[in-house]
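Residues in the sequence shown are numbered from 969 upward in steps of one, following this note's numbering.
Idealized CB from N, CA, C, for every residue including glycine.
Here's the structure we're looking at; comments come further down.
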Amino acid sequence: MPSKHQDSRRPFAVGALLAWFQANRREMPWRDQPDPYAVWVSEIMLQQTQVAAVRPYFTRFMQRFPTVQALAQAPIEDVLKRWEGLGYYRRARLLHQAAQQVVEMHGGRLPETAAELGRLPGIGPYTAAAIASICFGEAVPVVDGNVARVFARYRLLRDDFSKLPARQALAKWLQPALDGAAHSGDLNQAMMELGALVCRPRNPDCTACPLAAACSARARGVQADYPARLARRPVPVRPEVAIALRRGGRLLLARRDGTGLLGGLWELPGGGVVPGETAAEAAARLLRDIAGLEAGTLTAQGSITHAFSHFTQLLHLFAADRIRGRVKIRAGGALAWVTAADLDRLPLTTTTRRALDLQRDQPTRRRAQRRGASPRAVAAAKAHRARG
Ligand code: SF4
């Protein structure tokens, strides 16, 4: 039985959802901006990243690259610097490439259909549909994780929405709602916002939901069972080492290969620990392989863990002293001696920033350990000092 808001040609209560959205939509710096470039940048940043984390990055990025032309002309290192800490750096490299294509092939204007947008680097079906509907009013459904969760519950679907066929089937079901909408961009944003604010992964607030009257999961009280939970593969731990080597007030850094994970970012020289090798042995080997140097002393400085989507990095940090040999630095090469000012300018990996912080805190840690304070107490004292 359709609810009072439900039109029989539409798959759900579109009017009620739009009314809810108008009353509850969150303010976001990229919303209500007619500029497709701003919407595009925000959609790329929002891939794999929460709204709250994106806000400050978006504002800083738009201040530095206010137009697609400004982004296209910028050096990639500058773009990566503004992305530093946001993660998934491939997004930034592809956004930069796509900006160059937009300027060269489309006269600086973003294409207006999802099909054309999808041909640009870094714009997949979801992002293309979001930009085309929000900026140009194209009636294409956006199926992200939030939308999939809402309708998995609404319709009791057990599909795996990480797979394209499931997303395509849901998009097909949603299409009549988009076809009849005056503002397809608003409807897409309303569905996503409902998933983010009301139909949350845990504890959905069904009493506040505009779709509650016809929701199957709510009717049966099985909201927690949908969407189906997929078996997670265990995430492997990769032991790695990083070496802090200083000479004459400068620090040796290495630039990562431009196409791989964290490509184009700078880091402390290092690499993986191979089976049967200790972290210290790995550090000595890598110092020889990367920089042609023999360290008289390698001092352990502690370790850091950092979670990537498909593995956890366990990074052991060493300080190298009494070095023998001379680092061969080639112009444009992957190694460079950098100053403190360079550290503020270059895009660094998150673990390198954390490793440098760890090393900076060594005297405090040693003093605290001598007093018998726990690592947790040391961290709390540091946070207290940082707050002033
Ligand atoms: S009624 Fe509850 S479970 Fe159903 S769509 Fe709304 S919030 Fe989600």
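For this session: Just mark residue 986 as buried or exposed, buried being the case when its beta carbon has 16 or more other beta carbons within 10 Å.
Result: buried
Exercise. In terms of DSSP beta bridges, what is residue 1207 paired with?
Worked result: 1282
For this session: Whole angstroms is fine: what's the gap from residue 1270's alpha carbon to residue 1291's?
Result: 20 Å
Exercise. Distance, Cα to Cα, residue 1242 vs residue 1016?
Worked result: 31 Å
Problem set entry | Proximal residues to residue 1094 (C-beta, below 7 Å), its chain only, five neighbours per side dropped | 1110, 1111 and 1112
Exercise. Who are the Cβ neighbours of residue 1054 in its own chain at under 6 Å, not counting the five residues just before and after it?
Worked result: 1025
Problem set entry | Pocket of the ligand SF4 (residues with CB nearer than 6 Å to any heavy atom), chain order | 1118, 1121, 1122, 1166, 1167, 1172, 1174, 1177, 1179, 1180, 1183, 1185, 1186 and 1191
For this session: Would you kindly check if the distance between the Cβ of residue 1069 and the Cβ of residue 1088 is under 8 Å?
Result: yes
For this session: For the beta strand (DSSP E) containing residue 1270, list its first residue and its last residue.
Result: 1262-1275
Exercise. Expressed to the nearest angstrom, what Euclidean distance is found between the alpha-carbon atoms of residue 1171 and residue 1206?
Worked result: 35 Å
For this session: Identify every residue that forms a DSSP beta bridge with residue 1289.
Result: 1265
Exercise. Secondary structure at residue 982, three-state DSSP: helix, strand or coil?
Worked result: helix
Problem set entry | Assigned secondary structure, residue 1245 (DSSP; H/G/I helix, E/B strand, else coil) | coil
Exercise. Where do the N-terminal and C-terminal ends of the beta strand (DSSP E) with residue 1305 fall, by residue?
Worked result: 1303-1306
Exercise. Between residue 1011 and the rest of its own chain, which residues show a CB-CB distance below 8 Å, the 5 nearest in sequence each way excluded?
Worked result: 1095, 1098 and 1099
Exercise. Does the distance from the CB of residue 1211 to the CB of residue 1268 come in under 8 Å?
Worked result: A distance of 8 Å or more separates the beta carbons of residue 1211 and residue 1268.
Exercise. In this structure, does DSSP put residue 1189 in helix, strand or coil?
Worked result: coil
For this session: For residue 1067, name the three-state secondary structure that DSSP assigns.
Result: helix
Problem set entry | Per-residue DSSP class, three states only, for residue 1200 | coil
Exercise. Among the residues of its own chain, which have a CB less than 6 Å from the CB of residue 1120, if the five just before and after it don't count?
Worked result: Same-chain partners within the cutoff: 1194 and 1195.
Exercise. How about residue 1052 and residue 1316: are their beta carbons less than 8 Å apart?
Worked result: yes
Problem set entry | Burial state of residue 1288 (16 or more Cβ within 10 Å) | Looking at its Cβ environment, which holds 16 or more other Cβ atoms inside 10 Å, residue 1288 is buried.
Exercise. Ordered along the chain, which non-local residues of its own chain (more than five positions away) have a Cβ less than 8 Å from that of residue 1230?
Worked result: 1057, 1224 and 1317
For this session: Just tell me which of 1177, 1060 and 1104 has its CA closest to the CA of residue 1090.
Result: 1060
Exercise. Taking all protein chains shown into account, do 16 or more other C-beta atoms lie within 10 angstroms of the C-beta of residue 1006, making it buried, or fewer, making it exposed?
Worked result: buried
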